[in-house]
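Quick note on the working numbering: the sequence shown kicks off at 8 and runs consecutively.
Every residue gets a Cβ at the ideal spot worked out from N, C-alpha and C, and that includes glycine.
Contents: one structure, followed by commentary.
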Amino acid sequence: MIDGKLFFDDAFDAEYINMPMWDQLGKIEDSESAGEVVKPKKFKPVNSVLTDDGVTITVTPNESRKIKELLVTLRTPFRAKVLRDLQTSRGLNNMLRLIR
């Protein structure tokens, strides 16, 4: 916090080509609850993520929650490594196999 304002260091996310996986998974979770307040004709649920190697992978809201729950249990240095791994299709598919 600087001068009473929150300060975010985007340098951590700068190593990613696409949106960080944590944020993409969060959008899937948010999308699930948005369906309750958005008119059905205008609602388009988010149900996939884009990895840094250009692969689009379908992830359910439940899978998204499980991945994020697992990540918050990890110690910070290891969590950062796992997050980097999740940015690739191989890493994300490995995680999905683990939680399914």
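Identified DSSP bridge partners for S55:
Per DSSP, T65.
With distances taken Cα to Cα, identify the nearest neighbour of M69 among R107, P84, L81.
First, the amino acid is wrong: residue 69 is Asn here, not Met. R107 is the residue among R107, P84, L81 whose C-alpha sits nearest the C-alpha of N69.
List the whole-angstrom C-beta distance separating V66 from L32, where the pair is believed to meet the contact cut-off of C-beta under 8 angstroms.
That pair is a contact at about 7 angstroms.
If you reduce the DSSP assignment to three classes, tell me which class N101 lands in.
Assignment of N101 by DSSP, reduced to helix, strand and coil, places it in the helix class.
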